[in-house]
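J.:
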Amino acid sequence: MPVMSFSIFSDTHSAPSKPRARNLFLRIVDAIGDTNRRKAEREIARFVARHGNRITDSVERSIGERFDQH
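Here our numbering = 1-based position in the sequence shown + 541.
#1: Can you confirm whether the segment 601-610 touches the segment 584-591 when touching is taken to mean that 3 or more C-beta pairs between the two stretches lie within less than 8 Å?
#2: Can you tell me where the alpha helix (DSSP H) with N577 in it begins and where it stops?
#3: Return the first residue and the last residue of the alpha helix (DSSP H) that R607 is part of.
#4: Work out the CA separation of K580 and I573 for me, nearest whole Å.
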């Protein structure tokens, strides 16, 4: 015999919640950050290519000195 289950805590009356859309301002800030990150990655790749395509200790130190913005 089939059994039916019932819960008094059923969510049948509430609509499924969807994730909130990100604020437009935050999306713009994220896009700018992503653009800057990709630009820095391209510059670092060019720097490494000019120095033999190998990341040695000295190349890594130079990258840190040259691209560190703190």
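Cβ atoms here follow ideal geometry from the backbone N, Cα and C, with glycine treated the same way.
T.: A quick look at the data gives this:
#1: yes
#2: Here the question's residue 577 lines up with position 36 in the sequence shown. Counting along the chain, the alpha helix (DSSP H) containing N577 begins and ends at 565-591.
#3: The residue you call residue 607 lines up with position 66 of the sequence shown. It spans 598-608 - the alpha helix (DSSP H) in which R607 sits, taken as one unbroken run.
#4: Working through the sequence shown from its first residue, we reach residue 573 at position 32. Working through the sequence shown from its first residue, we reach residue 580 at position 39. Spanning the two alpha carbons is a distance of roughly 11 Å.
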